[in-house]
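The opening position of the sequence shown corresponds to residue 1 in full-length UniProt numbering, with each subsequent residue numbered one higher.
One structure is given below, encoded as structure tokens.
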Amino acid sequence: MENQVLTPHVYWAQRHRELYLRVELSDVQNPAISITENVLHFKAQGHGAKGDNVYEFHLEFLDLVKPELVYKLTQRQVNITVQKKVSQWWERLTKQEKRPLFLAPDFDRWLDESDAEMELRAKEEERLNKLRIESQGSPEKSFYDTFHTVADMMYFCQMLAVVEAINAAIGVTKSPVIPSLFQLLGRNFILFIVFGTMEEMQNKAVVFFVFYIWSTAEILRYPFYMLSCIDMDWKVLTWLRYTMWIPLYPLGCLAEAVSVIQSIPIFNETGRFSFTLPYPVKIKVRFSFFLQIYLIILFLGLYINFRHLYKQRRRRFGQKKKKIH
């Protein structure tokens with residue numbers, strides 16, 4: 001006789017952009033939660049209506065959702081947040097018209113469509129008022145809102161930075177390909193993964209320092225490269241290009257390391273980008289493990305780049321001294 005599949009009580013609510021599910025399981029261990037082909041798969045050991053057992057369920061959503069989800073374990077329940085692909089109101093949660101027996105509305109969070117629209121409008125007005133106040137307000141508030149102010153511009157600039165690696169590869173600039181590619185991938189990882197996917201990181205002061213140091217370095221580098229392409233040598237700019245990296249690169253590396261360290265507990269809490277290896281291993285691999293590896297690579301890359309730039313500086317200014325003699 002086959003073992004009976006136990007399903008926990010699941011309560012759901014929605015907003016125009018998000019779905020909220022509350023799974024009534026306490027003391028949850030080894031949760032395996034994922035979305036594949038628009039179906040939510042849940043399996044975990046915990047204490048539910050049938051005592052301490054393995055509980056599981058599957059829900060095929062009514063409309064398309066994003067495959068990434070966020071879940072949070074508490075002592076009494078599992079809270080799951082799923083993003084809709086299109087911001088709209090759903091008439092029900094699942095594709096099948098008949099509601100599963102284990103599923104019920106979460107009346108603690110339930111709003112009808114008109115109430116949800118009013119809440120959405122109120123949030124939008126609050127956001128606009130906040131931006132209006134901050135544009136006139138204290139520098140301290142703007143300091144912590146750097147990401148929301150310049151994120152789009154940083155995204156655009158970092159995507160254009162791909163051209164630098166291409167130019168190095170085809171010989172337009174004399175920069176070596178590996179350091180250029182390493183810097184590009186490292187910055188994209190910090191910007192798009194650590195900052196871009198975690199709202200909790202976007203209001204931290206470290207964002208300001210990372211963006212400020214990156215921008216200062218590029219203000220010196222790119223004009224130098226531009227003049228080099230037309231065989232012009234501006235001595236002041238050349239000296240700054242081969243000198244300012246000495247404080248800027250370690251400071252940039254330190255700021256990026258701080259941002260990664262601050263993001264580790266957030267990734268652990270949300271479970272984002274974590275995954276569970278398939279049977280029979282069934283080991284949960286946290287994304288924070290890769291962040292810790294990245295920290296090692298970050299400082300190793302700093303050493304390699306520092307050594308490379310030091311050789312460049314010595315070669316550049318050493319040649320001038322030989323000409324004088």
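Glycine included, every Cβ here is placed at the ideal spot set by N, Cα and C.
query, result
"Length of the line joining the Cα atoms of residue 179 and residue 26", "49 Å"
"Collapsed DSSP secondary structure at residue 308 in the structure displayed", "helix"
"contact_flag[the segment 146 to 161, the segment 198 to 214] where n(CB pairs < 8 Å) is 3 or more", "yes"
"Residue 197 beta carbon less than 8 Å from that of residue 72", "no"
"Host beta strand (DSSP E) of residue 27 (start-end)", "26 to 36"
"Beta-carbon spacing of residue 31, residue 65 below 8 Å", "no"
"Identified DSSP bridge partners for residue 52", "47"
"With 16 other Cβ atoms within 10 Å as the buried cut-off, status of residue 101", "exposed"
"Short Cβ contact (8 Å threshold) for residue 257 with residue 291", "no"
"Euclidean distance between Cα positions of residue 69 and residue 85", "12 Å"
"Continuous beta strand (DSSP E) stretch holding residue 22: start and end", "18 to 23"
"Cβ contact (3+ pairs, closer than 8 Å) linking the segment 296 to 314 and the segment 246 to 253", "yes"
"Residue 10 beta carbon less than 8 Å from that of residue 103", "yes"
"Residue 168 burial status per 10 Å Cβ neighbour count (16 or more: buried)", "buried"
"Reduced DSSP category for residue 242 - H, G, I as helix; E, B as strand; rest coil", "coil"
"Unbroken stretches of the beta strand (DSSP E), 3 residues or longer, contained in the segment 194 to 256", "none"
"Pair within 8 Å by beta-carbon distance, residue 16 and residue 89", "yes"
"DSSP-derived helix/strand/coil call for residue 126", "helix"
"Alpha-carbon spacing of residue 58 relative to residue 95, whole angstroms", "12 Å"
"Sub-8 Å separation of residue 108 and residue 12 beta-carbons", "no"
"One or two residues paired with residue 284 in a DSSP bridge", "276"
"Under the three-state DSSP convention, the category residue 91 falls into", "coil"
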